[in-house]
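Worksheet for the structure shown next.
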Ligand code: 13P
Ligand code: SF4
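In our numbering, the protein residues as written are 309 to 632.
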């Protein structure tokens with residue numbers, strides 16, 4: 309998109325936010341133009357990872373929240389703010405992990421493993437969360453898993469993140485994790501082949517790997533190379549504390565936009581894999597969602613959940629927020 313057009317959208321969106329009493333919360337996987345804060349000339353009021361966005365959603369004062377992320381995240385914002393209007397610019401912005409498990413699947417797991425606590429990755433739909441004991445994000449998963457006294461826990465739905473967690477938790481506490489077989493269709497694409505070629509091309513680069521990357525890729529990539537396996541936030545922090553000038557990023561491609569903005573003197577190399585769900589959100593539909601506030605068209609964008617799901621899913625999310 310031409311810069312002139314981008315600036316035009318920015319100006320109109322900023323005006324609409326004022327007129328409609330709205331804020332924009334934006335995930336690090338959004339297209340780069342939605343990763344610029346209003347104070348820096350863009351439109352976002354807050355940019356964050358999924359935990360940061362949940363925390364921010366619990367503090368918002370404006371009556372309307374435009375959620376530039378995927379629908380399970382917007383649902384979380386709604387559950388934390390049932391009295392507010394939460395809008396997502398495209399309701400089709402789903403997630404392969406969230407779609408991999410239903411509330412019935414969790415009920416069946418609980419019947420099969422009675423008394424075993426169920427931890428749901430926040431990348432699940434509200435109905436699924438409502439059946440779980442606690443939620444977690446990639447940032448607080450280890451602390452939450454370790455907080456249970458049982459020797460077994462159930463973790464749903466990301467099998468790769470679960471295997472990575474298992475490796476860490478088993479060595480620390482001996483706890484066993486029962487896993488589900490969902491996966492993130494973005495992070496599962498980071499293979500040994502793509503990363504080992506890059507490691508060979510950039511022998512001085514450190515590795516930045518998200519928890520959702522497959523276990524065998526993690527094992528091989530971290531061999532004889534410095535780096536971090538963690539959440540989006542861990543990745544951002546790691547770069548800040550490292551003296552390396554070059555990094556290989558194994559996470560969603562547009563996280564690179566925020567990394568480059570925060571650390572302009574460093575180089576980030578990534579096999580550029582984009583999340584098709586996150587990329588459904590853009591400046592045009594963000595503006596359309598704002599324009600719809602107060603009109604019949606709002607129904608196209610507003611997140612609405614049945615009262616019983618709002619109430620039941622609140623508990624596991626609230627418990628997660630004690631681990632910030
Ligand atoms: P985090 O924001 O928790 O790192 O999650 C990454 C992700 O895949 C979100 O969809
Ligand atoms: Fe879901 Fe993966 Fe996209 Fe995140 S990056 S929304 S986990 S498909």
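Glycine included, every Cβ here is placed at the ideal spot set by N, Cα and C. Since the model is a prediction, treat every value here as computed from it, not as a measurement.
field: Counted within 10 angstroms of its Cβ, other Cβ atoms place residue 501 as buried (16 or more) or exposed
entry: Along the chain shown, read from residue 1 onward, the residue named residue 501 stands at position 193. Residue 501 comes out exposed.
message: Within a Cβ cutoff of 7 Å, which residues of the same chain sit near residue 467, ignoring the five residues on either side of it in sequence?
response: Locating residue 467 in the chain shown gives position 159, where the first residue counts as 1. The beta carbon of residue 467 is closer than 7 Å to those of 487, 488, 489, 490, 491 in its chain, skipping five residues each way along the sequence.
message: Which of the three DSSP states is assigned to residue 578 in this structure?
response: Counted from its first residue, the chain shown places residue 578 at position 270. Coil.
Among 453, 325, 495, the one whose alpha carbon lies nearest that of residue 479: Position 171 of the chain shown holds residue 479. Nearest of 453, 325, 495 to residue 479, Cα basis: 453.
query: What is the rounded straight-line gap between the Cα of residue 357 and the Cα of residue 364?
result: Here the question's residue 357 lines up with position 49 in the chain shown. Here the question's residue 364 lines up with position 56 in the chain shown. Their backbone Cα atoms lie some 10 Å apart in a straight line.
task: Can you tell me which of the three DSSP states residue 505 falls into?
output: As a working note, residue 505 is residue 197 in the chain shown. If DSSP states are grouped into helix, strand and coil, residue 505 belongs with the helices.
query: Going by DSSP, which residues form a beta bridge with residue 460?
result: Sequence index remark: in the chain shown, residue 460 carries index 152 (1-based). DSSP lists 484 as partners of residue 460.
field: Pair within 8 Å by beta-carbon distance, residue 493 and residue 404
entry: Here residue 493 corresponds to residue number 185 of the chain shown, with the count starting at 1. Here residue 404 corresponds to residue number 96 of the chain shown, with the count starting at 1. Cβ distance < 8 Å, so residue 493 and residue 404 count as in contact.
field: DSSP-derived helix/strand/coil call for residue 598
entry: As a working note, residue 598 is residue 290 in the chain shown. DSSP places residue 598 in helix when its eight states are reduced to three.
message: So for residue 466, helix, strand or coil by DSSP?
response: As a position in the chain shown, residue 466 is number 158, starting the count at 1. Strand.
query: Hey, residue 387 and residue 597: beta-carbon distance below 8 Å or not?
result: Start at 1 with the first residue of the chain shown, and residue 387 comes out as number 79. Start at 1 with the first residue of the chain shown, and residue 597 comes out as number 289. Not a contact, by the Cβ cut-off of 8 Å.
- request: Could you check what DSSP says for residue 613 in three-state terms: helix, strand or coil?
  value: Position 305 of the chain shown holds residue 613. Coil.
- prompt: residue 554 bridges to which residues according to DSSP?
  reply: Translated into positions along the chain shown, residue 554 becomes position 246. Answer is 575, bridged to residue 554.
- prompt: If you draw a straight line from the alpha carbon of residue 458 to that of residue 511, how long is it in whole angstroms?
  reply: Mapped onto the chain shown, residue 458 falls at position 150. Mapped onto the chain shown, residue 511 falls at position 203. Spanning the two alpha carbons is a distance of roughly 43 Å.
query: Given residue 328, which residues of its chain have a CB within under 8 Å of its CB, disregarding the five upstream and five downstream residues?
result: Translated into positions along the chain shown, residue 328 becomes position 20. Cβ within range, chain order: 372, 598, 601, 602.
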